[in-house]
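As given, the protein sequences belong to chains A and B, one line each in that order. Heads up: the first sequence begins at 71 in this note's numbering, then just goes up one per residue. Heads up: the second sequence begins at 71 in this note's numbering, then just goes up one per residue. Report on the structure given below.
2 protein chains.
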Amino acid sequence: MDIKMNTRLFAFIGGDVGPWCVTETITLTGDLLLPEVTRVDVIAGSNLQPEYPAEGWVLRGVTSNERYVIREEKTALVAKQQGLGRPAATSAALILIRKNADWWALTQDERRHVIEEQSKHIHIGLQYLPAIARRLHHCRDLSENEPFDFLTWFEFSPAHKADFNNLLAELRASEEWKYVDREIDIRLMRE
Amino acid sequence: MDIKMNTRLFAFIGGDVGPWCVTETITLTGDLLLPEVTRVDVIAGSNLQPEYPAEGWVLRGVTSNERYVIREEKTALVAKQQGLGRPAATSAALILIRKNADWWALTQDERRHVIEEQSKHIHIGLQYLPAIARRLHHCRDLSENEPFDFLTWFEFSPAHKADFNNLLAELRASEEWKYVDREIDIRLMRE
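And the structure:
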């Protein structure tokens, strides 16, 4: 098997090492409790076998092809978005989401209808670009028993914290979020 | 983590054990050579760690939510399709597919357009139900370096072999197949 140049698999390691200090962890939906940690490390590449912290957690996800965005939206997103790792973007959030069985039983057209026609998910996200940078990781098809379906990593300048909270508030009030049965919101600052 | 009742992860083990005897292996596209094997075993469940045959191969895939089918098509498929394991369905095929980078760079609407509006993939499949039973497994998001993107397992009565070959011929002549850069077709008979 040949080695791909671009990495798609990422691991988020909650423990006591890594550049990101946890400032707050809020369980919004569901009763899954993650062990409390002080730091998070983000590592890339499937060849890395992260050592499970003695008291902590490892969450894995893979970036994938886009499942809902149409060409017109993609063009608008690419024109406005910026990448991770900007020096001023010292605030981050890791939002862990699982959706319920009703969601996964929907057909493609029904899921797109909820996400965009009802919930304006893509449109809302676009309003917060380029301030909020984002990378979505899928977990559901990595194995059968992943605790979450999606891990989304956001980076922004501390000055945009209120904007980021507004973005989350808009999404959480949407029709799409009625299908969310597990959500944990972890806030971080880069040391 | 709770154990799910329904299994989504499957492994296909090419070696010298299992109920399915290989009758033919044809590499249609690409230069990947799988080691020649006489039998294939199909096992379910992520807890099973299949032992890699001394001379053979293991391919893994996960059933997932449907990515392209709309409700109207889903209703038609569910009304006509039958499950795997029918006593008369003693013929099988395992079709291994990888699609190229151009495919994965398309947006959702573009991929749907190629699959159905241009290629009639769903419509063609429907014409061969219930004779041909099928289960699609996704590999691409299991890890970063899976050799194929899709493993599709088909079962049918030997009397429907010509129908099955027609189904494949129709799909292989379609616009969608221009994006296939690796395809291996393995035919089997249940002992």
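By construction, the Cβ of each residue, glycine as well, lies at the ideal position given by its N, Cα and C atoms. For clarity, every value in this text was computed on a predicted model and none was experimentally measured.
Under the Cβ distance rule, GLU214 (chain A) counts among the residues neighbouring chain B, one pair being separated by less than 8 Å. For LEU237 (chain B), no beta strand (DSSP E) encloses it; the enclosing alpha helix (DSSP H) starts and ends at 231-242.
Comparing C-alpha distances from PRO157 (chain B) to each of B:PHE82, B:LYS231, B:SER227 shows the shortest one belongs to B:SER227. Closer than 8 Å to the CB of SER134 (chain B) there is at least one CB belonging to chain A. Closest option to PRO200 (chain B), judged by alpha-carbon separation, among B:ILE185, B:ALA149, B:ALA239: B:ALA149. For GLU180 (chain A), a Cβ of chain B is located within less than 8 Å of the residue's own Cβ.
Per the coordinates, the alpha-carbon of PHE234 (chain B) lies some 40 Å from the alpha-carbon of PHE80 (chain A).
Look at the region 221-234 of chain B: it has no residue with a C-beta under 7 Å from a C-beta of chain A. Counting only the Cα atoms, LYS190 (chain A) lies some 21 Å from LYS231 (chain A).
Here VAL92 (chain A) carries a strand assignment [DSSP, helix/strand/coil]. In the three-state reduction of the DSSP assignment, ARG168 (chain A) falls in the strand class. For THR222 (chain A), the enclosing beta strand (DSSP E) covers residues 220-226.
Under the Cβ criterion (8 Å, minimum of three pairs), the region 81-92 of chain B does not count as touching the region 195-211 of chain A.
In this structure, ILE167 (chain A) lies near ARG252 (chain A), with their beta-carbon atoms less than 8 Å apart. Among the bridge pairs identified by DSSP, GLY85 (chain B) is matched with B:ARG109. By alpha-carbon distance to PRO217 (chain B), the top candidate from B:ARG182, B:VAL250, B:ASP179, B:GLU245 is B:VAL250. With distances taken between CA atoms, ASP172 (chain A) lies nearest to A:VAL184 out of A:GLU125, A:PRO123, A:VAL184.
Between ASN236 (chain B) and the set B:ARG130, B:GLN197, B:ALA146, the nearest pair of CA atoms involves B:GLN197.
When the alpha-carbon of THR133 (chain A) is set against those of A:ARG210, A:VAL107, A:ASN215, the nearest one is in A:ARG210. The CB of HIS208 (chain B) comes closer than 9 Å to the CB of ASP211 in chain A, given here in chain order.
Taking the Cα of ASP219 (chain B) as reference, the smallest distance to any Cα among B:VAL128, B:ASN170, B:VAL139 is reached at B:ASN170. Along the region 142-196 of chain B, the beta strand (DSSP E) occurs as fully enclosed runs of 3 or more residues at 161-169, listed in sequence order. Think of a sphere of 8 Å around the beta carbon of TYR138 (chain B): the chain A residues whose beta carbon falls inside it are GLN178, in chain order. Of all residues in the region 152-179 of chain B, the ones placed with a Cβ closer than 7 Å to any Cβ belonging to chain A are TRP174, THR177, GLN178, ASP179, in chain order. For the region 76-88 of chain B, the set of positions with a beta-carbon nearer than 8 Å to some beta-carbon of chain A reads THR77, ARG78, LEU79 in chain order. Taking CB atoms only, LYS248 (chain B) has no neighbour in chain A less than 8 Å away.
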